[in-house]
Amino acid sequence: MSECIFCKIITGDIPSTTVFRDEQVTAFRDINPAAPTHILLVPNRHIDSVNALTGEDEQLVGHLVKVAGQLAAQEGIAEGGYRLIINTNADAGQTVFHIHLHLLGGSPMKHPMG
Ligand code: DGP
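With the sequence shown counted from 1, adding 82 to any position gets you my numbering.
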């Protein structure tokens, strides 16, 4: 069985507050929110990071972003604004090696990314 935390969340072996699920994507609230709305969107199929994406994943990545926009609207942050982040490897601070899109919003954010 996979030791990946997010794979276990997708299968329900680790509890989470799931806000969206379809055949390709699961979205759940971050355990350590960095903003009033902080949702993680993950592909149901394990992919380590952006570095592991192939041409076959293009539709999946587009779908992740599209669902993020829908969730932003559902959360009431679409008009105010929000940020989508995918951390990749050590310098970006990736800690869970199952590709995930952070959806952050609900209060003004400082612009510099670093
Ligand atoms: P990153 O640094 O980009 O790899 O972000 C990983 C995020 O995953 C971090 O914001 C905290 C979150 N996280 C880690 N473990 C769990 C968990 O068990 N449940 C939930 N809901 N979020 C988790």
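Just so you know, even glycine gets a beta-carbon here, dropped at the ideal spot from N, CA and C.
Start and end of the beta strand (DSSP E) containing residue i?
i	result
Thr108	107 to 111
Ile167	164 to 167
Val124	119 to 125
Val101	100 to 103
Leu186	183 to 187
Between the options, which has its C-alpha nearest residue i's C-alpha?
i	options	result
Met195	Ile181, Asp173, His182	Asp173
Asp104	Gly175, Pro125, Glu161	Pro125
Phe102	Glu85, Ser84, Gln176, Val149	Val149
Pro97	Val107, Ile167, Asp112	Asp112
His145	Gln176, Arg165, Thr170, Thr108	Thr108
Arg165	Pro190, Thr99, Ser84	Pro190
Gln106	Gly175, Val143, Gly162	Val143
Val147	Glu85, Thr100, Thr177, Leu122	Leu122
Arg127	Gln176, Thr170, Asn169, Ile87	Ile87
If I'm right that residue i touches residue j with Cβ under 8 Å, what's the distance once you round it to whole angstroms?
i	j	result
His193	Cys89	Wrong, their Cβ atoms sit about 34 Å apart, outside the cutoff.
Phe110	Thr99	6 Å
With respect to the alpha helix (DSSP H) encompassing residue i, which residues constitute its N-terminal and C-terminal limits?
i	result
Gly151	140 to 157
Asp173	171 to 174
Phe88	87 to 93
Checking contacts by CB at 9 Å: is residue i closer than that to chain C?
i	result
Leu166	Among the chains in the structure shown there is no chain C, since it carries only a single protein chain.
Contact between the region 130 to 141 and the region 150 to 157 (3+ Cβ pairs under 8 Å):
no
Contact between the region 114 to 134 and the region 171 to 191: three or more CB pairs below 8 Å?
yes
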